[in-house]
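> This structure is in C-alpha cells; I'll ask about it shortly.
Number of protein chains: 2
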Amino acid sequence: MAIRVIIFEDIELIREYLQQIISSCIDLRFVAAFADARDVIKAIESTQPDVVLMDIQMPGISGIQALRMIKERFPNVQVLMQTVLEDDDKIFDAICAGASGYLLKNTSDEKTIEAIKDVYEGGVPFSPSVARRVLDLVKPEKKNTDNNFDLSKRELEILNCLVQGMSYKLIATACFISIDTVKTHIKNIYHKLQVNSKSEAVIKAIKNKIT
Amino acid sequence: MAIRVIIFEDIELIREYLQQIISSCIDLRFVAAFADARDVIKAIESTQPDVVLMDIQMPGISGIQALRMIKERFPNVQVLMQTVLEDDDKIFDAICAGASGYLLKNTSDEKTIEAIKDVYEGGVPFSPSVARRVLDLVKPEKKNTDNNFDLSKRELEILNCLVQGMSYKLIATACFISIDTVKTHIKNIYHKLQVNSKSEAVIKAIKNKIT
DNA sequence: CTTAATATCACCTTTTCGGGTGATTCACAA
DNA sequence: TTGTGAATCACCCGAAAAGGTGATATTAAG
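So the sequences go chain by chain: S and W.
All residue numbers for the first sequence refer to our numbering, where the first residue is 1 and numbers rise by one.
All residue numbers for the second sequence refer to our numbering, where the first residue is 1001 and numbers rise by one.
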C-alpha cells in the first residue's frame, strides 16, 4: 500500500514541485497540500496521512508549533521537517518537538523520496549538515570529565552535600563529624576549586560535573 | 577515484565478509583489515584510508579508544563505528569521540556500502534505531522551559548575578542599587523559588535553566 | 622510618546572609 | 480612581559562612 503523504508549505511553487515529486513515485501517494498550518489538526483528521512534509517557516502558525500539535494528538504520524536555513535553535526545537527527520531544501528529489520512505519505516533521515549539528549539540555534554581538582574522597562527599543545598550544620550531622571539621574541609575545597563562597563552589561543581 | 577503506574487526568471519562487500563495489577500494587496534596509528599511516570501519568491541584497545586516537591525529579520516549492541553509553561515547557514523551489524550490504560513501561525502549515517537514541539523548535538555516562577525582570537579573557567584555587595554595585534593595529582591526570589539560601537558589536556577 | 596527605577538632574574628518590618515611588490596570 | 505589583531603600537582629591559626591521629607512599 502506498504511503500517504501531505504537505504544508506556504510557497506555491515549492508546494507544487513537492507534489510532483511525490506523485511521480509509485510507492508514495500524494493526498493533499496546505499553504498554512492553521487548521493542522483538521487537516490531519481529514486526510489521514502516514507522513507529513512540513516547512518550518510559514505565516501564522510556525512549522514547529504545528509539529508539536501533530505529535500531541497523532504521535504515530511521522513528520519530516523542511527548511532552507540551518538554524541550530530551530533544528533543536524541531527535534525536541518530535520531528522524525530534518531535510534541507537543497535535497535532491531522490533523497527526498528516500527520506519519506525512510521515516515511514522508522528511520530518521537528516541532511548531512543537519546531522553534524545535532551531533555537535550532543557532544559538549561529556567533555568535562576527569576534572576532579584533586579532591579527596571526603571532600567530594562534602562538595556533593553542598550541591544538595545543605548547610554546614546539616553536613556535619549527615557525615557524623563536627561542624568545625566540615568548615576545614570546605576551606580546603575552596582552595582547590579556587573559589571563596558556597555558591561559587556549587556552581563550579555543577558546571564541571564533579561527582 | 575509489574511496580507500580499512577494517578493524576481531572476528575473522565478519572481517572477511566486510572485505568482500567492499571489494564488490567499484567505488570502494579495500585496502587492509586488522584484527585488533593496538597499532592503530601505524596502520592508518601505512594505509592512508579515507574511511575506517571500526568494530566497537575488540580485544586489547576498544574501538572507542582507537577512534579517539585516530581523530586526534587524523581528524580528516572518517570513522564508521559498527556494533551488535545498541548500548546508549557506547553510542554516546562514540559520538563524543568523533565517530562519523554508527551502524548496527544487521545492516544490509547495500546500506553498508551506502553508509561508507555517505561518510566520505560528509554525511552522518546512523542506523535508524541508533539515530532515535541519539535524538532521545538530545531531547531532555529543553524540557524545563516556561519555568519562570513568576520572577520579575529585575529578579531574574539578580538571580543571574547569584548564578555568577556574586555576593550581595557585588550585585548592588553591578546593578547600581543599594545592598538593601538587593536583599529585598533576593528575599522575594527565595519566596518564589521556595528556597532559603543562596546556594539553593543557584542550584534551582541552574537545574531549571531559569534565564 | 619519615614524610605528606588526609581527616579530625577547636577557637577566634569579620563579613555575609536570612528574616522581619516598614516605607516611598511609579506605572499599569481594574 | 484606586489598587496592585514592581522597584527602591532603611534598620535591626541573629545565624551562617569565610578566613586564619593551630593541633592531633591515621594512613599511605617514599
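Cβ coordinates follow ideal geometry from the N, Cα and C atoms, glycine included.
Determine the DSSP secondary structure at residue 166/S, reduced to helix, strand or coil.
coil
> Per DSSP, which residues does residue 53/S bridge with? Please list them.
7/S and 80/S
> Mind checking whether the beta-carbon of residue 53/S lies closer than 7 Å to any heavy atom of the ligand ADP?
Absence of the ligand ADP from the depicted structure is noted, as is the absence of any ligand whatsoever, leaving it without description.
> Mind checking if residue 1149/W is an interface residue toward chain S, Cβ cutoff 8 Å exclusive?
no
> Please state whether DSSP places residue 1063/W in a helix, a strand or coil.
helix
> Does residue 103/S get closer than 8 Å to chain W when you measure Cβ to Cβ?
no
> Spell out a yes or no on whether the region 33-49 of chain S and the region 98-116 of chain S are touching, meaning 3 or more CB-CB pairs, one atom from each, closer than 8 Å.
no
> For the region 1172-1198 of chain W, which residues have a beta carbon sitting closer than 8 Å to at least one beta carbon of chain S?
1195, 1197 and 1198
> Alpha carbons only, please: which of 85/S, 121/S and 119/S is nearest the one belonging to residue 129/S?
85/S
> I believe residue 159/S touches residue 116/S by the beta-carbon criterion, under 8 Å. Please report the beta-carbon distance rounded to the nearest angstrom.
Rounded, the Cβ-Cβ distance is 51 Å, inconsistent with contact.
> Quick check on residue 191/S: buried or exposed, where buried means 16 or more other Cβ atoms within 10 Å of its Cβ?
Its Cβ having fewer than 16 others within 10 Å, residue 191/S is exposed.
> Under DSSP, the beta strand (DSSP E) around residue 34/S begins and ends at which residues?
28-34
> Quick one: give me the first and last residue of the beta strand (DSSP E) that residue 18/S is part of.
Looking at the DSSP string, residue 18/S is not in any beta strand (DSSP E); the run it does join, the alpha helix (DSSP H), is 12-23.
> Where does residue 92/S fall in DSSP's three states?
If DSSP states are grouped into helix, strand and coil, residue 92/S belongs with the helices.
> Among 1204/W, 1132/W and 1049/W, which has the Cα closest to the Cα of residue 1088/W?
1132/W
> For residue 1166/W, is the classification buried or exposed, using 16 other Cβ atoms within 10 angstroms of its Cβ as the cut-off for buried?
buried
> Applying the criterion that 16 or more other CB atoms from any shown protein chain within 10 Å of the CB defines a buried residue, is residue 24/S buried or exposed?
Answer is exposed; the Cβ neighbour count stays below 16.
> How many whole angstroms separate the CB atoms of residue 1006/W and residue 1035/W, which I take to be in contact at a CB cut-off of 8 Å?
The pair is not a contact, with the Cβ atoms about 12 Å apart (cut-off 8 Å).
> Chain S partners of residue 1051/W, CB-CB under 8 Å?
Correct list: empty, because the minimum Cβ distance to chain S is about 14 Å.
> In the DSSP assignment, what are the bridge partners of residue 1126/W?
Looking at the DSSP output, residue 1126/W shares a beta bridge with 1102/W.
> Measuring only the C-alpha atoms, how far is residue 95/S from residue 1135/W?
7 Å
> Against chain W, which members of the region 71-100 of chain S pass a CB distance test of less than 8 Å?
92, 93, 95 and 96
> Which same chain residues, not among the five before or five after residue 83/S, have their C-beta less than 6 Å away from its C-beta?
56
> For chain S, check one thing: does any of its Cβ atoms lie closer than 8 Å to the Cβ of residue 1134/W?
Cβ-Cβ to chain S under 8 Å: yes for residue 1134/W.
> By the criterion of Cβ-Cβ separation under 8 Å, what are the contact partners of residue 1131/W in chain S?
123, 124 and 126
> Taking residue 163/S as the reference, give the member of 200/S, 109/S, 105/S and 121/S with the closest Cα.
Considering only alpha carbons, the answer is 200/S.
> Anything in the region 4-17 of chain S with a Cβ closer than 8 Å to a Cβ of chain W? List those residues in chain order, please.
Residues passing the 8 Å Cβ filter: none.
> In or out: residue 1152/W buried (at least 16 other Cβ within 10 Å) or exposed?
That one is exposed.
> Leaving out the 5 sequence neighbours to the left and right, which residues in its chain are closer than 7 Å to residue 59/S when beta-carbon positions are compared?
10 and 36
> Compare the C-beta of residue 156/S with all C-beta atoms of chain W and state if any pair is closer than 8 Å.
With a threshold of 8 Å between beta carbons, residue 156/S makes no contact with chain W.
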